[in-house]
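Engineer: Got a structure for you, questions after.
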Amino acid sequence: MRKFFVINGPNLNMLGTREVEIYGKMGLPEIEEYTRKVITSHDKTIEQTWFQSNSEEEIINKIHELTKENIEALIINPAAFSHTSVAILDALSILSCPIIEVHLSNTNRREEFRQRKITAKSSTAVIEGMGYKVYALAILSQILK
Ligand code: DQA
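The sequence shown begins at 936 in this note's numbering and counts up by one.
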């Protein structure tokens, strides 16, 4: 199996009820289900593990655990921590696999403080602004031949 890990940061557990005009009506479990369906239809050997936390510490600890696992890529939506967390950037910098940072919204069209993405300094690529599809697009970006 080819292993992919997906990390979601703070407030993303509230998708579906949270600022739906910006983030859409789908909750995180539905986005996960959609992503699994799309990716499995492309390649049945892809294994996805999804993790969400509102805690910076838990996200950092999870990234540390991933340094010992053989994952093909990490997909991460650090959410607000993207704009604030040097600690998550430092943790991501330990990983040797590709890191795709995703955002549902196009942060470049939003408030100025969202345009600085500290964590993106360690990412291979950033995919944003395409709503719930960004997770599937991020995994596809790694498996398309
Ligand atoms: C977000 C964008 C961030 O600025 C915001 O803090 C989030 C969600 C997105 O997916 O568009 O929580 O990461």
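Cβ atoms here follow ideal geometry from the backbone N, Cα and C, with glycine treated the same way. These figures come from a predicted structure and were not determined experimentally.
With a floor of 3 residues, list each beta strand (DSSP E) that falls wholly inside the segment 978–1016, ordered by position along the chain.
Structural biologist: The qualifying runs are 981–987 and 1008–1012.
Engineer: Can you pull the DSSP bridge partners for R937?
Structural biologist: As a working mapping, residue 937 is identified with position 2 in the sequence shown. Paired residues: I981.
Engineer: So G944 and G1066 are supposed to be a Cβ contact under 8 Å. How far apart are they, rounded?
Structural biologist: The sequence position of residue 944 within the sequence shown is 9, counting from 1. The sequence position of residue 1066 within the sequence shown is 131, counting from 1. With a Cβ gap of about 17 Å, G944 and G1066 do not count as contacting.
Engineer: So if DSSP puts V1061 in a beta bridge, which residue, or which two residues, is it bridged to?
Structural biologist: The residue given as residue 1061 occupies position 126 in the sequence shown. Per DSSP, E1036.
Engineer: Where does I966 fall in DSSP's three states?
Structural biologist: Mapped onto the sequence shown, residue 966 falls at position 31. Helix, per DSSP.
Engineer: Can you determine whether any heavy atom of the ligand DQA sits closer than 7 Å to the C-beta of S1040, and answer yes or no?
Structural biologist: Residue numbering aside, residue 1040 sits at position 105 when the sequence shown is read from its first letter. Yes, since a heavy atom of the ligand DQA falls inside the 7 Å radius drawn around the Cβ of S1040.
Engineer: Is it true that the CB of F940 sits closer than 8 Å to the CB of I995?
Structural biologist: Position 60 of the sequence shown holds residue 995. Position 5 of the sequence shown holds residue 940. Not closer than 8 Å, so no.
Engineer: State whether the segment 1016–1023 contacts the segment 971–980, with contact taken as three or more CB pairs (one from each stretch) at a distance under 8 Å.
Structural biologist: No, they do not touch.
Engineer: With a cut-off of 8 Å on the beta carbons, I'd call T1042 and P1013 a contact; round off their distance for me.
Structural biologist: The residue given as residue 1042 occupies position 107 in the sequence shown. The residue given as residue 1013 occupies position 78 in the sequence shown. That belief does not hold up - the Cβ atoms of T1042 and P1013 are roughly 11 Å apart, past 8 Å.
Engineer: Pick helix, strand or coil for I942, following the three-state DSSP scheme.
Structural biologist: On the sequence shown, residue 942 is found 7 positions in, with the first residue counted as 1. DSSP places I942 in strand when its eight states are reduced to three.
Engineer: Compute the minimum distance between the beta carbon of S1017 and the heavy atoms of the ligand DQA, and state whether it is under 7 Å.
Structural biologist: As a first step, residue 1017 is located in the sequence shown; it is residue number 82 there, counting from the start. S1017: yes, Cβ under 7 Å from the ligand DQA.
Engineer: From this set, I1074, E1047 and E1036, which residue's C-alpha is nearest I1093's C-alpha?
Structural biologist: No answer is possible for residue 1093: it lies beyond the span of the chain, which begins at 936 and ends at 1080.
Engineer: Would you kindly check if the distance between the Cβ of V1069 and the Cβ of L1039 is under 8 Å?
Structural biologist: Taking the first residue of the sequence shown as position 1, residue 1039 is located at position 104. Taking the first residue of the sequence shown as position 1, residue 1069 is located at position 134. Yes, Cβ-Cβ distance for L1039 and V1069 is below 8 Å.
Engineer: Near E991, what residues of its chain come up, given a Cβ to Cβ distance below 7 Å and the 5 sequence neighbours on each side ignored?
Structural biologist: Here the question's residue 991 lines up with position 56 in the sequence shown. Once the five neighbours on either side are set aside, the close Cβ partners of E991 are F1016, S1020, A1022 and I1023.
Engineer: Between the Cα of P1033 and the Cα atoms of I1074, T970, P964 and M936, which residue gives the shortest distance?
Structural biologist: Here the question's residue 1033 lines up with position 98 in the sequence shown. Taking only the C-alpha atoms, the option nearest P1033 is I1074.
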